[in-house]
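Q: Chains as they are written, first to last, in my numbering: chain E, 1 to 285; chain F, 286 to 608.
Just so you know, even glycine gets a beta-carbon here, dropped at the ideal spot from N, CA and C.
All values reported here derive from a predicted model rather than from experimental measurement.
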Amino acid sequence: MSSSATTRRPGKTKSATLADRLGWVGAAIVTALVVMAIAAPWLAPYDPTERVGTPFLPPSADHLLGTNDVGQDLLSELIYGARVSLTVGIVAAIVALVLGTTIGILAGYYPKRLGSFLMRGVDVVLTLPFLPLLIILAAYLGRSLINTILVIGVLIWAGPARVIRSQVLSLRSREYVLASRTMGAPDRWAIVRHVLPRTALLATGTFVRAVSTAILLEAALSFLGLGDPIQKSWGSILFWAQARGAFLTPAWKWWVLPPGLMIMAASLGFALIAFAMEERINPRL
Amino acid sequence: MRRFGLRRLDQYLVVFIVAVSLNFMLPRLMPGNPLALLAGVDVGLMTPDERAEVIRQVGLDAPLVSQFFDYWRAVLTGDLGFSYRSGRPIGEMIGERLPWTLLITGASLVISAFFGIIIGAFSAWRRGKKSDLTLLTGMIGLQSLPSFWLGMLLISVFAVQLGWLPSFGAVTPASDLTGLAHVRDIAEHAVLPIATLTVLSIPGVYLTMRYSMLEVLGDDFIRTARAKGASESRILFGHVARNAIAPVVTFLAIRFAFAFGGSVIIETVFSYPGLGRLVFEAVSRRDYPVMQAAFLVFTVAVLLANLLADLLYPILDPRMREQ
Chain E
1 MSSSATTRRP GKTKSATLAD RLGWVGAAIV TALVVMAIAA PWLAPYDPTE RVGTPFLPPS
61 ADHLLGTNDV GQDLLSELIY GARVSLTVGI VAAIVALVLG TTIGILAGYY PKRLGSFLMR
121 GVDVVLTLPF LPLLIILAAY LGRSLINTIL VIGVLIWAGP ARVIRSQVLS LRSREYVLAS
181 RTMGAPDRWA IVRHVLPRTA LLATGTFVRA VSTAILLEAA LSFLGLGDPI QKSWGSILFW
241 AQARGAFLTP AWKWWVLPPG LMIMAASLGF ALIAFAMEER INPRL
Chain F
286 MRRFGLRRLD QYLVVFIVAV SLNFMLPRLM PGNPLALLAG VDVGLMTPDE RAEVIRQVGL
346 DAPLVSQFFD YWRAVLTGDL GFSYRSGRPI GEMIGERLPW TLLITGASLV ISAFFGIIIG
406 AFSAWRRGKK SDLTLLTGMI GLQSLPSFWL GMLLISVFAV QLGWLPSFGA VTPASDLTGL
466 AHVRDIAEHA VLPIATLTVL SIPGVYLTMR YSMLEVLGDD FIRTARAKGA SESRILFGHV
526 ARNAIAPVVT FLAIRFAFAF GGSVIIETVF SYPGLGRLVF EAVSRRDYPV MQAAFLVFTV
586 AVLLANLLAD LLYPILDPRM REQ
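Below, the structure is given as structure tokens:
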């Protein structure tokens with residue numbers, strides 16, 4: 001016990017293997033969910049938009065997870081729900097990645113006037129009350145898949161931008177960047193040739209982390225009734241479960257429990273991959 | 286690169302200006318008629334004369350710049366306007382709701398700080414051992430919990446299945462309880478929302494404490510303490526934890542702001558009559574002025590929490606004070 005605090009090496013390797021192992025678990029979860037989303041029409045027993053049974057049925061051989069308040073098959077809704085969650089999560093994270101990387105690189109490469117201006121913007125976005133702003137923007141813009149993606153994307157880029165900026169800031173003063181500048185290469189060259197490739201791994205890590213966040217945010221928006229009314233997502237299944245009081249009846253076991261587990265699995269899958277990548281890039285354990 | 290104390294005031298001022306300007310711009314930039322967003326009436330059903338009258342009342346006929354200054358004057362004098370659903374002054378509505386949100390976020394923050402700091406310190410102390418890695422993995426798992434789902438499950442189990450606690454509201458309606466019974470009633474209603482928020486806050490406190498401890502454990506003065514023969518528990522609590530606590534306080538301030546905003550979701554699940562629930566009600570009734578006013582209150586709360594952390598940091602971390 002007494003030596004554990006000072007001997008760092010053995011701990012590091014153990015933690016590193018833990019991070020790797022968790023990363024693979026995450027990858028397995030994500031793969032399973034992607035397969036489920038793509039193969040949804042073959043996997044789902046019914047069309048999730050059709051009324052295929054009596055409303056509020058408990059689980060049976062015909063409907064493994066029962067039916068909802070209008071008689072749609074809950075298992076089919078659950079399987080199709082993977083499509084919305086993953087699409088919103090990934091596309092919103094791409095929006096955040098593009099914004100965050102662009103602003104992070106510009107702020108890091110031109111740290112003086114442009115950089116301090118941009119970082120001030122980053123600070124403002126990070127300080128604003130996040131969830132209320134998300135909800136208000138979604139309420140003003142109206143309910144559609146594109147709006148959900150945009151609202152989430154424009155609110156989560158600031159964290160990645162800050163991480164990428166500090167990396168670029170340190171790359172900027174490396175010899176090879178200085179050399180290419182002394183030889184008269186334009187900034188564009190140095191950024192594309194030297195800075196971007198060495199930021200790619202870090203950017204990928206922040207991207208995967210952003211997917212995990214975006215999945216939780218999409219679920220929260222849909223749960224509040226601010227998601228696309230046509231697309232069924234795990235969050236919107238829970239919205240209806242809440243609206244119809246399913247969690248006050250035994251139905252919570254098949255109507256409330258499964259969608260939440262799916263949201264958690266999806267978010268956790270990406271979070272574990274991100275954790276493993278972050279440990280590789282910057283071992284903090 | 287961190288700056289402390291009152292030097293970040295200018296940044297907070299910028300945030301406030303941005304928040305107010307966003308509030309002003311959003312209804313005016315959105316597609317469609319801003320009148321519907323500002324006055325909240327069925328504009329389509331009105332005669333042109335009535336419409337002109339409403340436009341004049343709301344001030345939409347004035348030039349944009351003067352609308353902007355009028356808006357600022359209203360915000361700075363604390364005039365938050367009226368709800369166009371209930372017609373009540375918004376300031377009054379927020380005043381009723383705010384204490385409930387402060388109660389559950391404040392209580393959950395204290396409890397999660399207590400557990401997060403202790404478990405984080407323990408984990409760092411056992412670094413790389415099985416108990417540390419198990420705790421770490423568990424906390425990463427907790428971070429992926431959807432907050433509203435956790436709340437729904439707690440209601441299903443503790444309020445419905447077991448019947449131990451009430452499932453909604455902040456007090457039993459029309460019960461006219463007084464004194465201790467009243468306090469007990471409030472406490473029983475607050476248990477599940479506080480438990481939900483606490484479970485969600487612990488992982489962040491834990492991770493911050495653990496990393497902060499690991500940094501301090503590598504410092505020279507810990508080796509000195511060990512060399513002079515200090516006991517393990519004295520090193521852990523007297524030296525390491527003491528010096529590792531400052532970043533946790535900063536995190537707690539940020540977490541408070543986040544939990545405060547997160548009350549929109551938690552209070553919706555528990556039908557808890559706080560500020561978050563007010564936002565949800567305003568959103569579903571398209572009561573835009575209430576939505577906006579609540580957003581401003583959230584912004585001010587976030588700024589105050591940050592300010593408090595900035596002021597506390599040098600007190601907690603003596604190294605900062607000397608510089």
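Going by DSSP, what residue range makes up the alpha helix (DSSP H) through residue 185(E)?
A: What you label residue 185(E) is simply residue 185 of the first sequence in a count that begins at 1. Segment: none, residue 185(E) is in no alpha helix (DSSP H) and carries neither H nor E.
Q: Considering only the alpha carbon of each residue, which of 574(F), 563(F), 426(F) and 295(F) lies closest to residue 487(F)?
A: As a position in the second sequence, residue 487(F) is number 202, starting the count at 1. Closest by alpha carbon: 426(F).
Q: Just to check my reading of the structure: residue 234(E) and residue 69(E) have Cβ atoms closer than 8 Å, yes? What is that Cβ distance to the nearest angstrom?
A: Within the first sequence, residue 234(E) is the residue found at index 234, counting from 1. Within the first sequence, residue 69(E) is the residue found at index 69, counting from 1. Not really, about 16 Å apart at Cβ, beyond 8 Å.
Q: Determine the contact status of residue 63(E) and residue 47(E), defining contact as a CB-CB distance below 9 Å.
A: For the purposes of this step, residue 63(E) is identified with residue 63 of the first sequence, where counting begins at 1. For the purposes of this step, residue 47(E) is identified with residue 47 of the first sequence, where counting begins at 1. No, these two residues do not count as a Cβ contact at 9 Å.
Q: In angstroms, rounded to a whole number, what distance separates the CA positions of residue 161(E) and residue 169(E)?
A: Counting from 1 along the first sequence, the entry for residue 161(E) is found at position 161. Counting from 1 along the first sequence, the entry for residue 169(E) is found at position 169. Rounded to the nearest angstrom, the two C-alpha atoms are 12 Å apart.
Q: Taking just the CA atoms, how far does residue 399(F) sit from residue 1(E)?
A: Counted from its first residue, the first sequence places residue 1(E) at position 1. Counted from its first residue, the second sequence places residue 399(F) at position 114. Residue confidence for residue 1(E) is low, a pLDDT of 35 falling below 50, so the modelled location carries little weight; the figure read from the coordinates is stated next. Distance between the alpha carbons of residue 1(E) and residue 399(F) is about 24 Å.
Q: Please report whether the beta-carbon of residue 546(F) lies at a distance below 9 Å from any beta-carbon of chain E.
A: In the second sequence, residue 546(F) corresponds to position 261, counting from 1. Output row for residue 546(F): interface = yes.
Q: Just to confirm, are residue 208(E) and residue 274(E) a CB contact at a threshold of 9 Å?
A: The residue labelled residue 208(E) in the question sits at position 208 within the first sequence. The residue labelled residue 274(E) in the question sits at position 274 within the first sequence. Yes, they are a contact pair.
Q: Does the distance from the C-beta atom of residue 432(F) to that of residue 491(F) stay below 9 Å?
A: Here residue 432(F) is taken as the residue at index 147 of the second sequence, counted from 1. Here residue 491(F) is taken as the residue at index 206 of the second sequence, counted from 1. Not closer than 9 Å, so no.
Q: Check the Cβ-Cβ distances between residue 123(E) and every residue of chain F, and say whether any is below 9 Å.
A: In the first sequence, residue 123(E) corresponds to position 123, counting from 1. Output row for residue 123(E): interface = yes.
Q: With 9 Å as the threshold, decide whether the Cβ of residue 252(E) is near any Cβ in chain F.
A: Position 252 of the first sequence holds residue 252(E). By this cut-off, residue 252(E) is an interface position.
Q: Cα separation between residue 287(E) and residue 513(F)?
A: It is not possible to answer for residue 287(E), since the shown part of chain E is limited to 1 through 285.
Q: Can you list, in chain order, the residues of its chain whose CB lies under 8 Å from that of residue 305(F), leaving out five sequence neighbours each side?
A: Here residue 305(F) refers to the residue found at position 20 when the second sequence is read from its first residue. The answer, listed in chain order, is 356, 357, 360 and 581.
Q: Identify the residues that DSSP records as bridge partners of residue 284(F): which are they?
A: No answer is possible for residue 284(F): it lies beyond the span of chain F, which begins at 286 and ends at 608.
Q: Give me the Cβ distance between residue 348(F) and residue 454(F), rounded to the nearest whole Å; I'm assuming they're in contact under 8 Å.
A: Start at 1 with the first residue of the second sequence, and residue 348(F) comes out as number 63. Start at 1 with the first residue of the second sequence, and residue 454(F) comes out as number 169. Between residue 454(F) and residue 348(F) the Cβ distance is about 47 Å, and since that is not below 8 Å, they are no contact.
Q: Determine the DSSP secondary structure at residue 127(E), reduced to helix, strand or coil.
A: Numbered from its first residue, the first sequence carries residue 127(E) at position 127. Residue state, collapsed to three classes: helix.
Q: Compare the beta carbon distance of residue 550(F) and residue 380(F) with 9 Å and say whether it is the shorter of the two.
A: Position 265 of the second sequence, counting from 1, holds the residue named residue 550(F). Position 95 of the second sequence, counting from 1, holds the residue named residue 380(F). Cβ atoms of residue 550(F) and residue 380(F): not closer than 9 Å.
Q: I need the straight-line Cα distance from residue 423(F) to residue 497(F), nearest angstrom please.
A: Taking the first residue of the second sequence as 1, we reach residue 423(F) at position 138. Taking the first residue of the second sequence as 1, we reach residue 497(F) at position 212. Taking the straight line joining both Cα atoms gives about 19 Å.
Q: Please compile the residues from chain E whose C-beta is within a distance smaller than 8 Å of the C-beta of residue 437(F).
A: By 1-based counting over the second sequence, the position of residue 437(F) is 152. Near residue 437(F) (Cβ distances below 8 Å), the residues of chain E are 238, 241, 242, 247, 252, 256 and 260.
Q: Residues of chain E with CB closer than 9 Å to the CB of residue 352(F), please, in chain order.
A: Indexing the second sequence from 1 puts residue 352(F) at position 67. The contacting residues do not exist; residue 352(F) stays about 18 Å from chain E at best.
Q: Got a sec? Which residues, its chain only, sit under 7 Å from residue 10(E) by beta carbon, not counting five neighbours each side?
A: To locate residue 10(E), count along the first sequence from 1; it is residue 10. Unreliable positioning characterises residue 10(E) in this predicted model, as indicated by a pLDDT of 46, which lies under 50. A coordinate reading is not provided.
Q: What ranges does the alpha helix (DSSP H) occupy inside the region 500 to 555 of chain F, keeping only unbroken runs of at least 4 residues that lie completely in it?
A: Correct list: 505 to 512 and 527 to 554.
Q: In chain F, which residues lie with their C-beta within 7 Å of the C-beta of residue 225(E)?
A: Residue numbering aside, residue 225(E) sits at position 225 when the first sequence is read from its first letter. By Cβ distance, chain F contributes 569.
Q: Okay, do the region 532 to 541 of chain F and the region 585 to 599 of chain F touch, 3+ Cβ pairs below 8 Å being the bar?
A: The region 532 to 541 of chain F is in contact with the region 585 to 599 of chain F.
Q: Interface residues of chain F around residue 264(E) at Cβ under 9 Å?
A: The count along the first sequence starts at 1 and reaches residue 264(E) at position 264. Neighbours of residue 264(E) on chain F, chain order: 426, 429, 430, 431 and 434.
Q: Going by DSSP, what residues sit across from residue 67(E) in a beta bridge?
A: If you number the first sequence from 1, residue 67(E) lands on position 67. In DSSP, residue 67(E) forms a bridge with 73(E).
Q: Output the residue ranges of the beta strand (DSSP E) runs that lie fully inside the region 188 to 242 of chain E and measure 3 residues or longer, sorted by chain position.
A: You should have found no qualifying run.
Q: Note down, in chain order, every chain E residue with its Cβ under 7 Å from the Cβ of residue 386(F).
A: On the second sequence, residue 386(F) is found 101 positions in, with the first residue counted as 1. Residues of chain E passing the Cβ test: none, with the nearest at roughly 12 Å.
Q: From which residue to which residue does the alpha helix (DSSP H) around residue 172(E) run?
A: By 1-based counting over the first sequence, the position of residue 172(E) is 172. That run of the alpha helix (DSSP H) goes 158 to 172.
Q: Please confirm whether any heavy atom of the ligand GTP lies closer than 8 Å to the CB of residue 299(F).
A: No copy of the ligand GTP occurs in the structure displayed, which carries no ligand at all.
Q: When you compare the CB of residue 128(E) with every CB in chain B, is at least one pair closer than 9 Å?
A: In the structure shown, chain B cannot be found, because the protein chains are E and F.
Q: Which residue wins for smallest C-alpha separation from residue 88(E), given the options 34(E), 17(E), 180(E) and 191(E)?
A: Mapped onto the first sequence, residue 88(E) falls at position 88. Closest by alpha carbon: 34(E).
Q: So is residue 133(E) in contact with chain F if we call contact Cβ pairs under 9 Å?
A: Within the first sequence, residue 133(E) is the residue found at index 133, counting from 1. Cβ-Cβ to chain F under 9 Å: yes for residue 133(E).
Q: Mind listing, in chain order, the continuous alpha helix (DSSP H) runs of no fewer than 4 residues lying wholly within the region 89 to 128 of chain E?
A: Taking only runs of at least 4 residues, the alpha helix (DSSP H) segments lying wholly in the region 89 to 128 of chain E are 113 to 127.
Q: Please list the partners that residue 120(E) has in chain F, where partner means a Cβ-to-Cβ separation under 9 Å.
A: Along the first sequence, one-based indexing puts residue 120(E) at 120. Within 9 Å Cβ-Cβ: 296 and 299.
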